[in-house]
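Enquirer: Letter by letter, the sequence shown follows residues 1 to 623 in full-length UniProt numbering.
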Amino acid sequence: MVVKSRVLRSATNGELHSSVTPEEKPKRAKVATRGRKNVKAAAVKGDAEEPSPSPQRRTSARIQIKQLAEKELLVRQRVELPDETDSPSKRTKKNGPLRSKRNTKSKDKAVEDKAVAVPVSNDVTNSKDGGASEPEVCALEKSTTADEGGLANVVEKSDHAKVKETLRLFNKYYLHFVQEEEQRCKKAEVAQKASKGSKSKKVAPEEDTKSKRKRPDLKAITKMMEANEILNPEKRIGNIPGISIGHRFYSRAEMVAVGFHSHWLNGIDYMGLSYSKMVIQYWAEKGISGFTVFKFRLRRIEGQSLLTTNQVQFVYGRVPKSVSEIRGLVCEDITGSQEDIPIPATNLVDDQPVAPTGFTYCKSIKVGHGVKLPSNANGCDCRGSCISSRTCSCAKLNGLDFPYVHRDGGRLIEAKDVVYECGPNCGCGPGCVNRTSQRGIKYRLEVFRTPKKGWAVRSWDFIPSGAPVCEYTGVLSRTDDLDHVSENNYIFDIDCLQTIRGFGGRMRRSRDASLLPNNSADGIDDQRSESVPEFCVDACSTGNIARFINHSCEPNLFVQCVLSSHHDIKLARVVLFAAENIPPLQELTYDYGYALDSVYGSDGKIKQMPCFCGATECRKRLF
């Protein structure tokens with residue numbers, strides 16, 4: 001009985017697969033940390049030696065295999081503890097790159113948010129300011145973890161990881177200040193309407209309103225400067241470590257954050273006359289907009305390689321404008337017109353190109369046999385759209401604030417343990433910002449064939465950080481009912497509750513959201529339930545575009561648990577959000593979260609599988 005499961009762990013943890021053989025798709029797997037995942041294994045003799053804590057509850061052979069594997073892994077980890085001083089990597093958690101900084105109790109530790117690149121001050125760590133970034137890099141910049149002996153292990157991050165996580169930190173602050181500005185504008189609008197209906201006609205001085213205005217990107221970069229979170233703050237000659245040719249920035253403030261400029265308003269940065277020896281020639285000419293442009297030819301640094309035109313890729317020029325321009329098209333729409341936007345499939349790899357087969361597309365969750373959804377939860381009393389977080393009951397569940405901003409059609413500010421959205425019994429309409437993940441796919445996606453990883457997914461459009469990409473759909477089933485499934489690489493365990501409670505060493509997220517009584521850890525009746533989620537989503541024969549999204553050790557998506565129609569976290573929706581700004585035609589990925597040496601074969605031996613994600617910080621092994 002072979003079952004691989006995807007486990008919802010941290011902002012980047014999750015798993016999705018495509019229909020290819022294990023040889024074609026070695027990367028596809030489940031997401032879990034510290035061995036808390038379903039393992040690919042058949043029943044092994046002796047498994048029954050570990051009894052189920054609850055005799056009244058059925059424990060499948062697959063679950064017993066999993067528990068045995070976890071126990072063996074835990075024993076190995078304990079044995080390795082004395083050697084951790086020499087091997088810092090052994091203490092690195094596999095919870096994924098997106099780690100939340102919100103409202104953590106630690107006073108002395110810098111907590112990572114979506115793989116934040118630099119240490120964070122206590123005032124930031126303990127605040128509710130947050131942003132989606134993933135909200136997602138494997139290595140730690142200089143993260144410190146204390147072991148049982150009180151020894152600290154330091155793992156140095158690569159320059160590439162520092163740049164990625166600094167930009168994610170910037171986007172986190174940016175979205176927070178976007179929400180602040182939206183709230184300010186809404187209050188000003190309400191005050192203006194009230195003043196028009198007032199007989200006194202008293203209006204607040206205009207300068208008071210203007211004085212509070214400031215661009216969110218400038219506020220974000222200012223906050224980073226004040227907290228000393230700017231990367232490469234000193235001016236330098238030559239390249240910026242971690243920035244490669246073709247890197248795309250989406251604001252001048254982003255360039256300031258990584259050290260390209262020292263100020264966001266002064267144009268191209270300058271070094272002063274003392275560096276004039278670096279200039280070989282300079283001249284002025286009219287630019288395409290009619291303005292005078294000053295150009296400089298600089299002296300090349302010794303050993304600096306020449307830049308050729310084939311090193312620069314003009315991505316926007318390669319995005320098809322119509323179906324007729326798509327190269328290698330094998331299917332015009334894999335959704336069968338179920339989605340508002342068609343999703344084509346291309347294959348330029350196989351000698352005889354074929355389209356994805358072996359599954360039925362479904363845009364929403366199907367409830368499997370033996371599963372009963374809870375009744376609809378009570379909703380808020382808002383009308384039209386939820387505006388005030390003080391009066392909206394759904395906002396109160398999210399920590400007295402809305403988790404999304406309106407910008408770009410709705411963006412999640414930061415990864416949370418769980419996001420409570422408005423549901424069927426709420427008074428607000430479909431345009432409410434707190435229904436952002438319920439609006440379906442809004443980007444032009446494409447399924448394409450890769451040489452080593454099988455099918456993959458990319459977007460023709462730019463996807464901003466925090467934007468929802470798609471929900472992981474399939475058949476909602478009980479974990480115990482999947483023993484008959486063999487070689488199923490499309491099972492996603494819903495373990496939100498285990499993540500919230502930190503069971504099995506899972507990395508906790510924000511504690512802003514409310515945990516309702518029916519989701520309390522007190523309801524967990526046995527040890528087995530602590531480690532094994534009760535429900536999962538099976539996308540083997542029925543699923544959507546999410547089943548084709550691949551693993552990466554440096555993903556650009558993260559997994560978010562969302563509740564809308566009901567509030568049972570064991571049956572939460574699994575939604576993939578953008579962890580960072582994603583340019584067009586970049587493959588969409590997230591971290592499956594396998595712990596090394598956690599997968600066992602039918603012979604009871606540990607199995608290993610290489611990783612082909614190609615990331616700079618690739619771990620080289622999927623498990």
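Backbone N, C-alpha and C fix where the C-beta goes; we use that ideal spot for every residue, glycine too. Note that the structure is a prediction, hence the values are computed from the model and not measured.
1) Using a Cβ-Cβ cut-off of 7 Å (strictly less than) and excluding sequence neighbours within five positions of Phe-177, which residues of its own chain qualify?
2) So, Ile-326 versus Pro-356, is the Cβ gap smaller than 8 Å?
3) Let me check one thing: in DSSP terms, what residues is Ser-459 bridge-paired to?
4) Among residues of its own chain, excluding the 5 on either side of Thr-166, which ones have a beta-carbon nearer than 6 Å to its beta-carbon?
5) Please name the residue or residues paired with Thr-589 in a DSSP beta bridge.
6) Rounded to whole angstroms, what is the Cα-Cα separation between Asn-266 and Glu-234?
7) Of the residues Cys-536, Tyr-275, Phe-577 and Glu-471, which one's Cα is nearest the Cα of Asp-493?
8) Do Ala-456 and Phe-548 have their C-beta atoms within less than 8 Å of each other?
9) Rank Val-559, Thr-436 and Trp-283 by C-alpha distance to the C-alpha of Ser-495 and give the top, closest one.
10) Quick one: what's Cys-470 bridged to in DSSP?
11) Can you give the beta carbon distance from Gly-474 to Ala-572, rounded, assuming they're within the 8 Å contact cut?
12) Ends of the alpha helix (DSSP H) at Glu-226?
13) Any idea what DSSP makes of Asp-481, helix, strand or coil?
14) One question on the structure: do Val-562 and Val-405 come within less than 8 Å of each other, judged by their Cβ atoms?
15) Return the first residue and the last residue of the alpha helix (DSSP H) that Leu-397 is part of.
16) Are the CB atoms of Gly-427 and Cys-380 within a distance shorter than 8 Å?
17) Going by DSSP, what residue range makes up the alpha helix (DSSP H) through Thr-499?
18) What are the start and end residues of the alpha helix (DSSP H) that includes Ala-284?
19) For Val-319 and Glu-534, what's the separation of their Cα atoms in angstroms?
20) Pairs of beta-carbons, one from the stretch 174 to 191 and one from the stretch 268 to 283, closer than 8 Å: are there three or more?
21) Does any heavy atom of the ligand MN sit closer than 7 Å to the C-beta of Gly-429?
22) Just curious, the beta strand (DSSP E) that Arg-297 is in, first and last residue?
23) Who are the near neighbours of Leu-348 in its chain, counting only those whose CB is closer than 6 Å to its CB and skipping five residues on each side?
24) Please return the same chain residues whose Cβ sits closer than 7 Å to the Cβ of residue 679, not counting the five positions on each side in sequence.
25) Using DSSP with H/G/I as helix, E/B as strand and the rest coil, what is Val-256?
26) Tell me where the beta strand (DSSP E) around Asp-417 begins and ends.
27) What is the DSSP secondary structure of Arg-621, counted as helix, strand or coil?
28) Measure the alpha-carbon distance for Thr-346 versus Thr-450 and round it to whole angstroms.
29) When you compare the CB positions of Lys-570 and Leu-476, do they come within less than 8 Å of one another, or not?
30) May I have a chain-ordered list of the alpha helix (DSSP H) segments no shorter than 4 residues that lie completely inside the stretch 352 to 411?
31) Starting from Asn-489 and walking both ways along the beta strand (DSSP E), at which residues does that stretch end?
Expert: Once the coordinates are examined:
1) Pro-216, Lys-219 and Ala-220
2) no
3) Leu-445
4) Ala-117, Leu-231, Ala-257 and Val-258
5) Asn-550
6) 16 Å
7) Cys-536
8) yes
9) Residue identity differs from the one stated: residue 495 is Asp in this sequence, not Ser. Out of Val-559, Thr-436 and Trp-283, Val-559 has the C-alpha closest to the C-alpha of Asp-495.
10) Leu-576
11) Contact doesn't hold; Cβ gap of about 14 Å is too wide.
12) 216 to 226
13) helix
14) no
15) 393 to 397
16) yes
17) 496 to 501
18) Taken as a continuous stretch (DSSP letters only), Ala-284 belongs to no alpha helix (DSSP H), being part of the beta strand (DSSP E) at 279 to 286.
19) 42 Å
20) no
21) The ligand content of the structure shown is nil, which means the ligand MN is not present either.
22) 292 to 298
23) Gly-328
24) The requested residue 679 does not occur in the structure, where the chain is confined to residues 1 to 623.
25) helix
26) Asp-417 -> no beta strand (DSSP E), and no H or E assigned at all.
27) strand
28) 10 Å
29) no
30) 393 to 397
31) 488 to 493
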